[in-house]
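One structure is given below, encoded as structure tokens.
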Amino acid sequence: MLKTIPLRTHRPLISRPRLRAAPVAVFLLAVSAAHAGPPPGDQFPQATTAPTSVERHGAWTALLERYAGGGRVDYRGLASDKPRLEAYLRQLAATRREAFARWSRSDRIAFWINAYNAYTVSMILDHYPVESIWNVTPLWKRPLGGPFKLKLMPLGHLAPSLGRPLLSLDDVEHGILRGIYGERRVHFAVVCASRGCPPLRSEAYEGPTLDEQLDAATRGFLADRAKNRYDASTNTLVLSPIFRWFSEDFQGEGGVVGWFRRFGPVEAARKLGQAGPPAIRYSEYDWSLNER
47 MLKTIPLRTH RPLISRPRLR AAPVAVFLLA VSAAHAGPPP GDQFPQATTA PTSVERHGAW
107 TALLERYAGG GRVDYRGLAS DKPRLEAYLR QLAATRREAF ARWSRSDRIA FWINAYNAYT
167 VSMILDHYPV ESIWNVTPLW KRPLGGPFKL KLMPLGHLAP SLGRPLLSLD DVEHGILRGI
227 YGERRVHFAV VCASRGCPPL RSEAYEGPTL DEQLDAATRG FLADRAKNRY DASTNTLVLS
287 PIFRWFSEDF QGEGGVVGWF RRFGPVEAAR KLGQAGPPAI RYSEYDWSLN ER
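With positions in the sequence shown counted from 1, the corresponding number in my numbering is that position plus 46.
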């Protein structure tokens, strides 16, 4: 679990070298880091018996299997199938608070990860074609924090501690998944429609298999040498900027080095540290669309 510490609530952007345009507001985020304390909990009563996790997201899995193979998304193909995505979003919004309160912790976390990813895909489709998620709204209409602050999800009844009916992507990632549930592996499960973020898996997250899925997502992300790698010849560990932006989530258990040893490729993890503490550098984050 995360300690009760301020949570960084956006992705600071130092540069976007792979995009043709970089709005001034994007760069201002680099020097205006916003922090917010975690909410006081999800305010649901404790279950008297241990709830049983069940699979609930088959409709989302069916879409992912068809359009998200290989970690990239076929947005053009999915656009022709958007009614099925919209039906799944209605299914999420129709979840009753009373029923949600009886779900297992794993079921709730899986719900919020899937909601984040599905609403992100829907946001892209609403504005497709775009080069980046940062282009889904004109600069003059963009809230501070960009698309991650747009109130899109009618799911506030399932997160009463946030106190609002419509939730943003940041609300889900930072207010709920990190703030309420303290799930650090969420950084490798929520997908912001960018090539620098983790790949969108070809299956939904489900309560019964959540722990295994999150471990697999974390290992898969750390195995991507374009983002994370260890160079034994120079004793240098190169990591995704995610590990810098949310460094407070990776304190303890050996810090980011400990995370790489635990979840990184076996051979690289074995060599890491043999020559003493490694130098740590960060790769560039690619905000271009994660499109096939």
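Where is the CB? At the ideal position from N, CA and C, for every residue including glycine.
| field | Residue burial classification, residue 247 (beta-carbon count within 10 angstroms, cutoff 16) | value | buried
| task | Determine the contact status of residue 208 and residue 165, defining contact as a CB-CB distance below 9 Å. | result | no
| field | According to DSSP, residues forming a beta bridge with residue 325 | value | DSSP links residue 325 through a beta bridge to 282.
| query | Per DSSP, what kind of secondary structure is residue 136 in: helix, strand or coil? | reply | Annotated three-state conformation of residue 136 is helix, per DSSP.
| said: Using 8 Å for Cβ pairs, my map puts residue 156 next to residue 251. What's the rounded Cβ distance? | reply: 4 Å
| Is there contact between the segment 130 to 147 and the segment 178 to 194, where contact requires at least three CB pairs shorter than 8 Å? | Touching, no.
| said: Using the three-state DSSP reduction, which class does residue 219 fall into: helix, strand or coil? | reply: Reduced to three states, the DSSP call for residue 219 is helix.
| said: Within a Cβ cutoff of 8 Å, which residues of the same chain sit near residue 336, ignoring the five residues on either side of it in sequence? | reply: 117, 118, 119, 237, 239, 240, 241, 243, 245 and 246
| query | When DSSP builds the beta bridges, which residues end up paired with residue 275? | reply | Listed as beta-bridge partners of residue 275 by DSSP are 284.
| message | Which residue wins for smallest C-alpha separation from residue 271, given the options 294, 310, 300 and 254? | response | 310 is the residue among 294, 310, 300 and 254 whose C-alpha sits nearest the C-alpha of residue 271.
| task | Work out the CA separation of residue 154 and residue 160 for me, nearest whole Å. | result | Computed Cα separation, rounded: 10 Å.
| request: On the DSSP bridge assignment, give the partners of residue 178 in chain order. | output: 334
| request: Could you tell me the boundaries of the alpha helix (DSSP H) in which residue 235 lies? | output: Segment: none, residue 235 is in no alpha helix (DSSP H) and carries neither H nor E.
| task | Specify whether the segment 282 to 292 and the segment 254 to 262 touch according to this definition: at least 3 beta carbon pairs, one from each stretch, less than 8 Å apart. | result | no
| Cβ-Cβ separation, residue 200 to residue 212 (assumed contact under 8 Å), whole Å | Contact annotation, residue 212 with residue 200: C-beta distance approximately 6 Å; criterion of less than 8 Å satisfied.
| field | DSSP-derived helix/strand/coil call for residue 302 | value | helix
| query | Any idea if residue 170 is buried or exposed, counting beta-carbon neighbours within 10 angstroms, 16 or more meaning buried? | reply | Per the 10 Å Cβ criterion, buried.
| query | How big is the Cα-Cα spacing for residue 296 and residue 256? | reply | 20 Å
| said: According to DSSP, simplified to helix, strand and coil, what is residue 214? | reply: coil
| residue 315 to residue 304, Cα distance in whole Å? | If I take the Cα positions, the gap works out to 9 Å.
| said: Does residue 235 pass the burial test, meaning 16 or more other C-beta atoms within 10 Å, or should it be called exposed? | reply: buried
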